[in-house]
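Numbering (the working numbering), first residue to last: 858 to 1492. Even for Gly, the Cβ is constructed at its ideal location relative to N, Cα and C.
As C-alpha cells, then:
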C-alpha cells in the first residue's frame, strides 16, 4: 500500500468538493492525504507515493503533460467534469470503489498516450464524418431513429483529399469522407469497433472511411447501423485501416477535427503514440486486460488501404460524384485487359483443344458416361472468349468484340463439324439419357448460365482465384450441348438439334450478359458506356427466355401431376388393393403420357386397367395415355 497520498484538485481552497475523499481515506485506510493543485509539479518523490486526481478532463491532461515519462503513480477519481477520462480508463462512477481501485496493485499499469499536434488526447481523434462508426450506444435509439439516421448519413457524404504518412515513411494519397484515430478500445464495449485494441502496444489505430461506390457505402451503413460491429481483421471495402506508431495527416486545406470533445483545426495533423509513459491505476473492469497484457507480443505496423480510392476515382469523389458501382484501379484494369485480349484471339492451341474436347464429349454422350463428359467440359476452351466478349460488350471495344466473336464462331463451327462427322462414322443411333438430358432446357439452365457468368467474370478479374474457371466450365457445360447438336445433325433429328442448340444459346447469352454486368459492378466500365451493350444483351436474353419459360411451365405442370398422383398411391377395385407408382410423365399434344407401375397380388384385367385410367383422368382432369409396368407380389 502507498505510504504517501497526494490528492490533486482544481482548487484546494474549496474543501467541500473533496472532503468525502479525505474522510474515506482516513476511515478505511487511516491515511491523511496531502492536497495539491493540478498545475503543481512533482519532481522529487518516493515510488510509494500515489497521486489521486480529482479533476476535470482538461486539468487531467495538464497533469499528464507535466508528469509524462516519470515514475508518478496516478489514479483518477470520478468527477463531474472528467467523463471522458473515466470512460477511457474504466474508472468507476462510485467514488468509494474508485478509491479502492487506486489501492489495488493489480490494477497499476503502464499505459500509452496519444499525442496530437503537441497535445495529449485521451483516446479519440475524429476527422470529417465517420457516418456512424464513432457513434457509441446505438442501443439508446429506437428502430425508427436508426432508420432516420441511416438516410441522413446517406444524403451527407463529402470527400476530401488527404495525404497519409506512416512511421515507416509510407505515403498514401487518397480521398476520404472521414477518419477515426483510436489509441485503444478496451473500454468501448458499445463502440462500432469489435476489436480490443491494446492500451499498451505503442500503436495508434486509424480507420479511414472512403467508399468507392454507392453500393459499398450502403453496405457499410448497414453494417454500422444494424450489425453495429466491424473488425480490423475483416473490414468492409469502404474502410481502410492503419496501425502504426506515428501518422501524419495532411491536406491542401485546413483539416477540422475533434480531439476527445474539443473542436480544432490545423493544416497538418501529427499523431504519435508515447508507449508506457504513465503509471495509472485502471478501473476494475479492466483487470483482465491488464493481466492479458503481461504476455503481449510486439505488434508490427499494419496498413490495409488497398480498397481506398486513388488517382482518377479520387478526383471523381472529391468532385461530389459517388458512382453507383466502384471503379477498378488502373493496374487491375491494364492487367485484366491484357489477359482478355489474349483470350479473345484465335490460336491453334484453341482449335486443338476445341476439337479434342468435342470428340471427348461426343464419345461420352454415346457411351452415356458422365465422367467422360465432365472431362470434356474441363478441356473445352470456350469460356475464355465468352468472358472476353462480355468485356467487349460493356466497353464497346471493337477489338474484343471482333476477335472474340471470330474465335467463338470458329470454335462452334469446329464442334458442330467434328461431332457431325463422328456421328456419321459410328454405327450408333440411340439417343442416350445423357443426350436426352440436354434436349429440354428451362429457366433453371438460364439461372446456371447467369451464375456461372458472374463467377467467371469475377474469377477472371482476380488473379488469385483464376483457377476457379475450370469449376465454372464444369457448371455451365458449353461443349456437350454443341456435341448433341452435331449428333442431331448427323441423325437428322430436328428435335435433338433444336433442344440442344437452345441450351447452348442459353448458356452463351446468359454467361455474356451476367459476366458483362459483373465487370460493370467491379468497376471496369461506367454505367453510361455499358448501358447500350447491356440493353442489347438483355433483349437477346429475353427472346431466348421465351421457350425456356414454356419448357419450365411444363416441368411445373408435370410436377403438379406427380403431386396429384401421390395422393392416390393405392386404389381398391373388385375387392383387390392395387398400389400405383408414377415413374415418368410427359405432356404432348394435350395428352398426358404416364409410365405407371402397378403392384398387385394377381394379374390385372384390361377392364381393371381402364378403371385405373379413368380414375387418373378424373384426378388430373386431362386426357391420359397409360404405359403400364405390372408387378405381381405373391405373399
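Buried or exposed for residue 1338, please, with buried defined as at least 16 other CB atoms from any protein chain shown within 10 angstroms of its CB. Along the chain shown, read from residue 1 onward, the residue named residue 1338 stands at position 481. With 16 or more other Cβ atoms from the protein chains shown falling within 10 Å of its own Cβ, residue 1338 counts as buried.
Rounding to the nearest angstrom, what Cα-Cα distance links residue 928 and residue 1100 in this structure? Stepping through the chain shown from its first residue, residue 928 is reached at position 71. Stepping through the chain shown from its first residue, residue 1100 is reached at position 243. Approximately 28 angstroms between the Cα atoms of the pair.
Three-state secondary structure (DSSP) of residue 1475: Here the question's residue 1475 lines up with position 618 in the chain shown. In this structure, residue 1475 counts as helix in the three-state DSSP scheme.
Do the stretch 1358-1372 and the stretch 1297-1315 make contact, defined as three or more Cβ pairs closer than 8 angstroms? Contact check between the stretch 1358-1372 and the stretch 1297-1315: three or more CB pairs, one atom from each, fall below 8 angstroms, which counts as touching.
Here's the rule: buried if 16 or more other CB atoms are within 10 angstroms of the residue's CB, otherwise exposed. What is residue 1384? As a working note, residue 1384 is residue 527 in the chain shown. Exposed.
For residue 1436, which of 1446, 1442 and 1424 has the nearest alpha-carbon? On the chain shown, position 579 is the one that residue 1436 refers to. Nearest option by C-alpha distance: 1424.
Give the straight-line distance between the Cα atoms of residue 995 and residue 1080, rounded to the nearest whole angstrom. Here residue 995 refers to the residue found at position 138 of the chain shown. Here residue 1080 refers to the residue found at position 223 of the chain shown. Any reading at residue 995 needs caution, since the residue's pLDDT is 48, under 50, leaving its predicted position unreliable; the model's value is listed next. Here the alpha carbon of residue 995 sits roughly 12 angstroms from the alpha carbon of residue 1080.
At what residues does the beta strand (DSSP E) containing residue 893 begin and finish? For the purposes of this step, residue 893 is identified with residue 36 of the chain shown, where counting begins at 1. Element bounds for residue 893: 891-894.
Beta-carbon spacing of residue 1344, residue 1216 below 8 angstroms: Looking up residue 1344 in the chain shown gives position 487. Looking up residue 1216 in the chain shown gives position 359. No, the Cβ-Cβ distance between residue 1344 and residue 1216 is not below 8 angstroms.
Limits of the alpha helix (DSSP H) - the one that residue 883 falls within: Here residue 883 is taken as the residue at index 26 of the chain shown, counted from 1. Counting along the chain, the alpha helix (DSSP H) containing residue 883 begins and ends at 876-886.
Use the C-beta contact count for residue 1473: other C-beta atoms within 10 angstroms, 16 or more gives buried, fewer gives exposed. Mapped onto the chain shown, residue 1473 falls at position 616. Buried.
Applying the 10 Å Cβ sphere with the 16-neighbour rule, what's the burial state of residue 1285? As a working mapping, residue 1285 is identified with position 428 in the chain shown. Exposed.
Proximity winner among 1235, 1227, 1263 and 1236, relative to residue 1242 (alpha-carbon distances): Position 385 of the chain shown, counting from 1, holds the residue named residue 1242. It is 1263.
What would DSSP say about residue 1490, mapped onto helix, strand or coil? One-based indexing of the chain shown puts residue 1490 at position 633. It is coil, neither helix nor strand.
Distance between beta carbons of residue 899 and residue 912, contact taken as under 8 angstroms: By 1-based counting over the chain shown, the position of residue 912 is 55. By 1-based counting over the chain shown, the position of residue 899 is 42. Not quite, the Cβ-Cβ distance comes to about 14 angstroms (not below 8 angstroms), so this is no contact.
Could you round the C-beta distance between residue 1421 and residue 1354 to whole angstroms and report it? I think they count as a contact, below 8 angstroms. As a working mapping, residue 1421 is identified with position 564 in the chain shown. As a working mapping, residue 1354 is identified with position 497 in the chain shown. Not a contact, Cβ separation roughly 34 angstroms.
Can you tell me where the alpha helix (DSSP H) with residue 924 in it begins and where it stops? The residue you call residue 924 lines up with position 67 of the chain shown. The continuous alpha helix (DSSP H) containing residue 924 extends over residues 914-924.
What did DSSP end up calling residue 1076 once you bin it into helix, strand or coil? Your numbering for residue 1076 matches position 219 in the chain shown. Collapsing the DSSP output to three states places residue 1076 in a helix.
What first and last residue would you give for the alpha helix (DSSP H) that runs through residue 1371? Numbered from its first residue, the chain shown carries residue 1371 at position 514. Here the alpha helix (DSSP H) through residue 1371 covers 1351-1378.
Inter-residue CB distance, residue 1214 and residue 1096 (contact presumed, cutoff 8 angstroms): Here residue 1214 corresponds to residue number 357 of the chain shown, with the count starting at 1. Here residue 1096 corresponds to residue number 239 of the chain shown, with the count starting at 1. Wrong, their Cβ atoms sit about 45 angstroms apart, outside the cutoff.
To which residues does DSSP link residue 1017 through a beta bridge? Indexing the chain shown from 1 puts residue 1017 at position 160. Looking at the DSSP assignment, residue 1017 forms a beta bridge with 1033.
Kindly indicate which three-state DSSP category residue 946 falls into: helix, strand or coil? Mapped onto the chain shown, residue 946 falls at position 89. Residue state, collapsed to three classes: helix.
Buried or exposed: which applies to residue 1270, given that a residue is buried once 16 or more other Cβ atoms fall within 10 Å of its Cβ? The sequence position of residue 1270 within the chain shown is 413, counting from 1. Residue 1270 is exposed by the Cβ-count criterion.
Runs of 4 residues minimum, wholly inside the stretch 1236-1291: which ones carry the alpha helix (DSSP H) assignment? Taken in chain order, the whole alpha helix (DSSP H) runs of length 4 or more contained in the stretch 1236-1291 are 1240-1252 and 1255-1282.
Is there contact between the stretch 1436-1445 and the stretch 1406-1420, where contact requires at least three CB pairs shorter than 8 angstroms? Cβ pair count under 8 angstroms is three or more, so yes.
Residue 1059, DSSP secondary structure in three states: The residue given as residue 1059 occupies position 202 in the chain shown. Of the three classes helix, strand and coil, the one that applies to residue 1059 here is coil, per DSSP.
Please confirm if the stretch 961-978 is in contact with the stretch 1027-1040, defined as three or more CB-CB distances below 8 angstroms between the two stretches. Enough Cβ pairs lie closer than 8 angstroms, so yes.
Would you kindly work out how many angstroms separate the C-alpha atoms of residue 930 and residue 916, rounded to a whole number? The count along the chain shown starts at 1 and reaches residue 930 at position 73. The count along the chain shown starts at 1 and reaches residue 916 at position 59. So the two alpha carbons sit approximately 17 angstroms from each other.
Distance between residue 1200 and residue 1232 (C-alpha atoms, nearest Å): Mapped onto the chain shown, residue 1232 falls at position 375. Mapped onto the chain shown, residue 1200 falls at position 343. Looking at the two C-alpha atoms, the distance is approximately 21 angstroms.
For residue 1498, is the classification buried or exposed, using 16 other Cβ atoms within 10 angstroms of its Cβ as the cut-off for buried? Any property of residue 1498 remains undetermined from this structure, which presents the chain solely from 858 to 1492.
Apart from the five residues on each side of it in sequence, which residues of its chain come closer than 7 angstroms, Cβ to Cβ, to residue 987? Residue numbering aside, residue 987 sits at position 130 when the chain shown is read from its first letter. Cβ within range, chain order: 1035, 1037 and 1066.
How big is the Cα-Cα spacing for residue 1280 and residue 1288? Residue numbering aside, residue 1280 sits at position 423 when the chain shown is read from its first letter. Residue numbering aside, residue 1288 sits at position 431 when the chain shown is read from its first letter. Note on geometry: alpha-carbon atoms of residue 1280 and residue 1288 lie some 12 angstroms from one another.
From the DSSP output, in three-state form, read off residue 1394 for me. Numbered from its first residue, the chain shown carries residue 1394 at position 537. Looking at residue 1394 - three-state DSSP - the assignment turns out to be helix.
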